[in-house]
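Novice: 567 is the number of the first residue of the sequence shown in the working numbering; add one for each residue after it. After the structure tokens below, expect a handful of questions from me.
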Amino acid sequence: MQRTEHVYEVAEDIIQVQLPLPFALRSVNCYLLRGNNGWTILDSGLNLPAGQAAWQAAFAALNINPGDIQQIMLTHFHPDHYGMAGWLQCLCQEHSPGHTPEVWMSPREAELAHKVWGFRGDQPEPTALFFRACGVPEPLTLAMAEGIALLRSMTRPHPMLHMLTTDARLRIGRRSFVTLHCPGHSDDQIILYDPTDRLVLCGDHILGKISPHIGTWPESEPDPLGRYLASLRTLATLDVRLALPGHGPLINNWPRRLIELEQHHAERLELMRTVAEDGATAYEVCTRVFDVTRLSPHEMRFAIAETLSHLELLVQQGLLQRDSQVTPPRYTRTV
Ligand SMILES: [Zn+2]
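Here you go:
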């Protein structure tokens, strides 16, 4: 195989393709899985010219005809994973007229993709309304809304979607995967587990270097952090020797990484509880636990959503209370 700097064979019949991102995260890991009659792509990248060039270079390096893409699977609806699925579908059609690879996604993630990326812009931006209600200053909410609109433009064209179910058996080449429901980073992220090879394609649910973002968003189901922590405990029962994540390095010590992530959130919960106990809005808590002077509006969205998910769990645990009689709502210690 001709090697390029962003294409790596990471396991038998699995090739990682790193696609560029215009954020601090820098790249997203997508995967090509060799099948008996073509290739399966797992996650697609953000639709930018640099991403298109990276896919074209990967196909050339691997001697893959894009017409041989059999199917595209998406772990979750976030733009860096969903954004190029429609473009890849079109590319395949160009190389193999009459053949349209199926794009698979869980029903909830498909609903979220439709809601967030299909938003037509003829109503006020839901993200701006949501963050304004949390006490975020107006210039920042407007900058966040602009950021969302820009991301939306990087998710087009939209693919035709097929629904992927949880706990399904999926045969790809010599491998047999089980699809697992992993809530928290998104409502219904699907990850692929190969029990024979003890390998998991874990999307953004587990990352090796950074803690995956767990945030409360206008469209999220309640208590994403509580659901995430519960899923870590379920995932700890899997026998995994190698995890292939959506960003950053491969994960070779699955049990230890799960414990580190659990500990990270325990520390963040305690920090936020302490910061909020004398009374603070979500935005005020955020500005005290994150170094917000260093964050772009894009990163601030994540910081505030992350703060909200922790505050929400603290309220559920009875460690804080939320006063919704005031605008924006304030958090304080329980009496
Ligand atoms: Zn991601």
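We put the CB at the ideal spot given by N, CA and C, even for glycine. Note that the coordinates shown come from a computational prediction; the quantities given were computed from them, not determined experimentally.
(1) What residue does the beta strand (DSSP E) around W783 start on, and which one ends it?
(2) How would the residue list near ligand 1 read, in chain order, if you kept each one whose beta-carbon is closer than 6 Å to any heavy atom?
(3) So, do the segment 829-840 and the segment 850-860 have three or more beta carbon pairs nearer to each other than 8 Å?
(4) With three or more C-beta pairs closer than 8 Å as the rule, is the segment 708-722 touching the segment 692-700?
(5) Which same chain residues end up closer than 8 Å to T847 when comparing Cβ atoms and leaving out the 5 residues on each side of it in sequence?
(6) Using the three-state DSSP reduction, which class does L824 fall into: helix, strand or coil?
(7) In three-state DSSP terms, what is T898?
(8) Ignoring anything shorter than 4 residues, give me the alpha helix (DSSP H) runs that lie fully in the segment 576-663, in order along the chain.
(9) Would you mind giving the Cβ-Cβ distance between T782 and S672, rounded to the nearest angstrom? I have them listed as a contact below 8 Å.
(10) Are the CB atoms of L798 and M838 nearer to each other than 8 Å?
(11) According to the Cβ coordinates, are D770 and H751 closer than 8 Å?
(12) Tell me the DSSP bridge mates of E691?
(13) Give me the Cα-Cα distance between L773 and A715, rounded to the nearest whole angstrom.
(14) Can you tell me whether DSSP reads F697 as helix, strand or coil?
(15) Between which two residues does the beta strand (DSSP E) harbouring S742 extend?
(16) Around the C-beta of A626, are 16 or more other C-beta atoms found within 10 angstroms, so that it is buried, or is it exposed?
(17) Do you know how far the Cα of P761 is from the Cα of A809?
(18) Could you give the first and the last residue of the continuous alpha helix (DSSP H) run that contains G792?
(19) Are the segment 604-620 and the segment 649-662 touching by the rule of at least three beta carbon pairs closer than 8 Å?
(20) Suppose you measure from the CA of L746 to the CA of A577; what does that come to, to the nearest Å?
(21) Using only alpha-carbon positions, find the residue among T641, Q636 and D844 that is nearest to Q659.
(22) Give me the Cα-Cα distance between P815 and T900, rounded to the nearest whole angstrom.
(23) Using three-state DSSP, classify G774 as helix, strand or coil.
(24) Under three-state DSSP, which class holds P863?
(25) Measuring CB to CB, does L640 end up less than 8 Å from V669?
(26) Please report the straight-line C-alpha distance between R718 and E575, rounded to a whole angstrom.
(27) If you follow the beta strand (DSSP E) that P811 is part of, which residue opens it and which one closes it?
(28) Would you kindly work out how many angstroms separate the C-alpha atoms of H665 and T606, rounded to a whole number?
(29) Leaving aside the five residues before and after T721 along the sequence, list all residues of the same chain whose C-beta is less than 7 Å from its C-beta, in chain order.
(30) On the premise that L585 lies in contact with V594, defined as a C-beta separation below 8 Å, what is that separation, rounded to the nearest angstrom?
(31) In terms of residue numbering, what span does the beta strand (DSSP E) encompassing R686 cover?
Specialist: The structure says:
(1) No beta strand (DSSP E) holds W783; DSSP gives it neither H nor E.
(2) Cβ atoms closer than 6 Å to ligand 1 belong to V594, H644, D646, H647, D770, G812 and H813.
(3) Judged by Cβ distances under 8 Å, the segment 829-840 makes contact with the segment 850-860, as three or more pairs qualify.
(4) Contact between the segment 692-700 and the segment 708-722 is present: three or more C-beta pairs spanning the two stretches fall below 8 Å.
(5) Cβ neighbours of T847 beyond the five flanking positions: C700, G701, P894, P895, R896 and Y897.
(6) Here L824 sits in helix by DSSP.
(7) Looking at T898 - three-state DSSP - the assignment turns out to be strand.
(8) As far as the segment 576-663 is concerned, its whole alpha helix (DSSP H) runs of at least 4 residues are 615-628, 645-648 and 651-661.
(9) Their Cβ separation, rounded to whole angstroms, is 20 Å, which puts T782 and S672 out of contact at 8 Å.
(10) In this structure, M838 does not lie closer than 8 Å to L798 by Cβ.
(11) With respect to the 8 Å criterion, D770 and H751 are classified as neighbours on the basis of their beta carbons.
(12) Paired residue(s): none; E691 is not in a bridge.
(13) Rounded to the nearest angstrom, the gap between the Cα atoms of L773 and A715 is 27 Å.
(14) When DSSP states are grouped into helix, strand and coil, F697 belongs to the helix group.
(15) Per DSSP, S742 belongs to the beta strand (DSSP E) from R741 to C748.
(16) For A626, the number of other beta carbons within 10 angstroms of its own is below 16, and it is reported as exposed.
(17) Near 12 Å, if we compare the C-alpha coordinates of P761 and A809.
(18) For G792, the enclosing alpha helix (DSSP H) has its first and last residue at P790 to L801.
(19) Yes: the two stretches touch, three or more of their Cβ pairs being nearer than 8 Å.
(20) L746 and A577 have their C-alpha atoms some 20 Å from each other.
(21) Considering only alpha carbons, the answer is Q636.
(22) P815 and T900: Cα-Cα distance of roughly 41 Å.
(23) DSSP places G774 in coil when its eight states are reduced to three.
(24) Correct three-state label for P863: helix.
(25) Yes, the Cβ-Cβ distance between L640 and V669 is below 8 Å.
(26) The alpha-carbon of R718 is positioned some 31 Å away from that of E575.
(27) Residues L808 to P811.
(28) When rounded, the separation of the alpha-carbon atoms in H665 and T606 is 14 Å.
(29) So the list reads N613, P645, Y648, G649 and W683, once near-sequence residues are dropped.
(30) Yes, they are in contact, since the Cβ atoms of V594 and L585 sit about 5 Å apart, within 8 Å.
(31) Premise fails: R686 is in no beta strand (DSSP E) and is neither H nor E.
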